[in-house]
Amino acid sequence: MADPRVKLLKSIPLFAACDDKQLAFISTQVDEVDFDTGRDLCREGGSGGEFFVILSGTAEVRRQGRRLGELTAGDFFGEIALLDGGPRTATVTAVSPMKCVVLSRGQFHNVIRQNALIAVSVLETLGERLRTLLVGQPT
Ligand code: CMP
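Its first residue numbered 13, the sequence shown is counted upward by one per residue in the numbering used here.
So, in structure tokens, the structure goes:
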């Protein structure tokens with residue numbers, strides 16, 4: 013019978029292109045964590061320790077009081093501070109009970125080093141987020 017953690021990872025779009033061997037490796041790198049409504053999972057300006065992929069629930073993203081968007085099942089966040097080592101660019105708050113797959117900095121780096129398709133997906137989303145962050149900024 014398929015490993016339930018591998019089955020779970022297969023259902024997440026970010027990991028959809030991975031084969032079972034890659035998913036088996038990723039399953040050794042992740043934890044499943046529940047968060048209550050109102051919990052800040054990332055705090056703007058704070059240091060970044062983890063990368064999150066949402067399994068269920070909704071989070072709101074805010075920066076300098078401006079609402080940047082909402083993240084739901086299948087979305088991920090927390091990649092920016094883990095990639096560049098800088099502070100969190102936004103505050104991400106659970107607006108419902110949430111279940112997430114969580115990777116520490118080291119686990120996140122292990123996974124993207126092992127899988128170019130995941131790294132490219134993260135970069136594509138990063139590009140979109142950069143454009144949202146630049147709205148209203150002088151160019
Ligand atoms: P990081 O800066 O590590 O912590 C805050 C996270 O919010 C950030 O990574 C992104 O994952 C996420 N984020 C930043 N900007 C946006 C945006 N415009 N839309 C959605 N998520 C964002």
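Don't be surprised by glycine CBs; every beta carbon is placed ideally from N, CA and C.
Exposed unless 16 or more other CB atoms sit within 10 angstroms - verdict on residue i
i	result
A14	exposed
Q50	Here residue 50 is Gly; the residue named in the question, Gln, does not match the sequence. Under this definition G50 is an exposed residue.
T6	A question about residue 6 goes unanswered here, because the residues of the chain that appear run from 13 up to 151.
L53	buried
V113	buried
Three-state class that DSSP yields for residue i in the structure shown
i	result
R100	coil
S59	coil
V113	strand
I24	coil
T144	helix
R17	helix
S39	helix
G139	helix
A29	coil
Distance cut-off 7 Å: residue i Cβ against heavy atoms of the ligand CMP
i	result
T101	yes
L115	no
V134	no
I66	no
I92	yes
T144	yes
C54	yes
R79	no
V73	yes
L21	no
G57	no
Whether residue i touches residue j by CB criterion (8 Å)
i	j	result
L94	R75	no
K111	L67	yes
R55	S39	no
E72	T105	yes
S108	T70	yes
N122	Q34	no
G139	P99	no
contact_flag[the segment 84-98, the segment 37-45] where n(CB pairs < 8 Å) is 3 or more: Contact between the segment 84-98 and the segment 37-45 is absent, because fewer than three Cβ pairs lie under 8 Å.
Stretch-stretch touch, CB-based, cutoff 8 Å, three pairs: the segment 50-61 with the segment 21-39: no
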